[in-house]
Amino acid sequence: MIVDSYRFLPRSFRPLYEGRGPFPGEEAPVWAPFEKRLAASRIALLTSAGIYVKSSQASFDVEREQREPEWGDPSWRSIPSNVEAADLEVAHLHISHDDIRSDPEVALPLRTLDELVSERLIGSATAEHLSVMGYQDRSLEGWRTDTAPQLIAWLRERQVDGVVLAPA
Amino acid sequence: MPVLARWIEAAGIPTVVVTMMPAVAQERKAPRIVGVEFPFGLAFGMPGDAVMHRQVLELSLRVLAGAGSFGTRIDLDIEWPVPLRDAYKAWQPKEPSPIVRKLLSTLARERSTPS
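Quick mapping for you: the protein sequence lines, in order, are chains X and D. Start counting the first sequence at 51; every next residue gets the next number (the working numbering). Start counting the second sequence at -1; every next residue gets the next number (the working numbering).
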């Protein structure tokens, strides 16, 4: 079964995505072999649904995006894996927030990953996971020079063996 | 997101992108891709459906660890359990995003300008 990538997209938006090819300078293959066994590996999650911790973190900046439609907040948050689901909030102007608020696992499956650790399918999960606000296509430069190096340093510090990224 | 995956991968850390637009992730040259035919915002499935979340995450980990080469794409065969018309409406924000508002007004201007 081959997924229809445009099934839920308004028809008029399809040309914005289809047939656009790679970004300039991003054409070549990149490959890091996964050399360990899963059961000995540390895994981190990265969501771009704009999730943040209400009680301790600032929201992503959606007000500036309202003023500058082509801008997206390039900052990031780390989300503790033991956070209360009710303490998570969503800042993302491109999707409905209702389903993620009702069950954050749909975008950031913290509990599901912990379950796979307890069953020893994977060795461990990081104690925090990463959250960005995924609207990045039109302002890649800040991401390349600032956000991505910070995220990579964060992953290296925690000796992460693999990352599961899920866009909103 | 595919580009971010590429940068992380280039730094030596393997990645997998779980996405409702796997064709786009392929065009953008993500190293490993799991495709899901789910509405936007719901990469791991239906709210409250822990079995579905697990199916998506487990497949993602298998592809992360087991893909043999760059560009591997595996699609998950789960049909979204909500009628298309309802699901199509449900994922969209209550108000169009700023960029969509801008694009719609550009389209409207182009249509009203005689060529």
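Glycine included, every Cβ here is placed at the ideal spot set by N, Cα and C.
- Contacts between D196/X and chain D, judged by CB atoms closer than 8 Å, are missing: the closest CB pair is about 12 Å apart.
- Annotation: the continuous alpha helix (DSSP H) that includes S103/D extends over 96 to 110.
- Here W5/D carries a helix assignment [DSSP, helix/strand/coil].
- DSSP places R151/X within a helical segment (H, G or I) once states are collapsed to three.
- Judged by DSSP in its simplified three-state form, A177/X adopts coil rather than helix or strand.
- Look at R57/X: its C-beta is under 7 Å from a C-beta on chain D.
- Looking at the DSSP output, T97/X sits in a beta bridge with S181/X, A216/X.
- In the structure shown, the three-state DSSP call for Y86/D is helix.
- Under the Cβ distance rule, I31/D does not count among the residues neighbouring chain X, no pair being separated by less than 7 Å.
- Under the three-state reduction of DSSP output, D54/X falls in the coil class, being neither helix nor strand.
- DSSP, read as helix, strand or coil, puts R127/X in strand.
- Within chain D, the residues whose beta carbon sits less than 8 Å from that of P79/X are K27, P29, F68, G69, listed in sequence order.
- With a threshold of 7 Å between beta carbons, E115/X makes contact with chain D.
- R92/X has its alpha-carbon roughly 38 Å from the corresponding atom of Q116/X.
- Residue burial annotation: P124/X is buried, with at least 16 other C-beta atoms found within 10 angstroms of its C-beta.
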